[in-house]
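K.L.:
When we follow UniProt numbering, the leftmost residue of the sequence shown carries the number 1, and every step to the right adds one.
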Amino acid sequence: MRIKFEQAGEKFTGAIDHLKKELASIRVGGGGTNLVDGIMVDAYGSKMPINQLANVVAVDATLITVSPWDKSLTEEIIKAITAANIGINPNQDGDMIRLPLPPVTEERRVEYVKLMKTKLEEARIAVRQIRKDILVGLEMDKKDKLISEDQYNSMEKTLQGKVEDTNKAIEEIGKDKEEELMKV
1 MRIKFEQAGE
11 KFTGAIDHLK
21 KELASIRVGG
31 GGTNLVDGIM
41 VDAYGSKMPI
51 NQLANVVAVD
61 ATLITVSPWD
71 KSLTEEIIKA
81 ITAANIGINP
91 NQDGDMIRLP
101 LPPVTEERRV
111 EYVKLMKTKL
121 EEARIAVRQI
131 RKDILVGLEM
141 DKKDKLISED
151 QYNSMEKTLQ
161 GKVEDTNKAI
171 EEIGKDKEEE
181 LMKV
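1) Using the DSSP secondary-structure output, state which residues sit across from M48 in a beta bridge.
2) Assign G174 to one of two classes, buried (16 or more other C-beta atoms within 10 Å of its C-beta) or exposed (fewer than that).
3) Excluding five sequence neighbours on each side, which residues of the same chain lie with their C-beta closer than 8 Å to the C-beta of E76?
4) Name the residue from T158, A126, K177 whose alpha carbon lies nearest to the alpha carbon of E6.
5) Indicate the three-state DSSP secondary structure (helix, strand or coil) for V127 in the structure shown.
6) Taking a contact to mean a Cβ-Cβ separation below 9 Å, would you say G87 touches P103 in this structure?
7) Since M116 and L23 are thought to touch, with beta carbons under 8 Å apart, how far apart are those beta carbons, to the nearest angstrom?
8) Assuming T166 and A15 make a contact with CB atoms under 8 Å, what is their CB distance in whole Å?
9) Which of helix, strand or coil does DSSP assign to S67?
10) Of the residues R128, M140, E156, which one's Cα is nearest the Cα of I170?
11) Below 8 Å on the Cβ atoms is my guess for D95 versus K71; work out the distance and round it to an integer in Å.
12) Assign I50 to buried or exposed, taking buried as 16 or more other Cβ atoms, counted over all protein chains shown, within 10 Å of its Cβ.
13) If we ignore side chains and look at the alpha-carbon of each, how far apart do residue 198 and K168 end up?
14) Helix, strand or coil for R108, going by three-state DSSP, please let me know.
15) Please classify K145: is it buried, with 16 or more other beta-carbons within 10 angstroms of its beta-carbon, or exposed?
As structure tokens, then:
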């Protein structure tokens, strides 16, 4: 996919925003509903986030309840939570789904850090892909004589600066999140 050079900033910002959203679901300090809000469920012929299909409540630091508005979706919601592989085993209690949150051990914190590092790597890969797509567009523009060699080199240098800034931001976000996860 060809991305215009002018879109670089917003694409990199989008990658950072996506990373922040992903990392918000990795928590140690109790059960925020954001652990499950973004999980996609097969419903009504498409994929929909749980928070659009059910009332999600953090009862306390050790329990989240999910009450589907359409009771026929209960099994699909349970399946989606299990498939999301977030370390929570859903229990059906009538029409309600209970999500008991395991106590956070040192071992669990290390697992969270591993998961976080995976998310960081996915963000870095996204940044590299955006860079590659923009460079392909610039090369095509240069080949089509829409930009000169000097303009190409200048834009490539500017792009590399944006990539480096974005990667620094990713590292900073990762460092802060690791501190948060390992704090007892």
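Glycine is no exception: its CB is placed at the ideal position from the N, C-alpha and C atoms.
All of these numbers come straight from a predicted model, not from anything done at the bench.
P.N.:
Let me spell this out:
1) V41
2) buried
3) V41, D42, A43
4) T158
5) helix
6) no
7) 6 Å
8) 7 Å
9) strand
10) R128
11) 5 Å
12) buried
13) The question about residue 198 has no answer, for the chain in this structure spans 1 to 184.
14) helix
15) exposed
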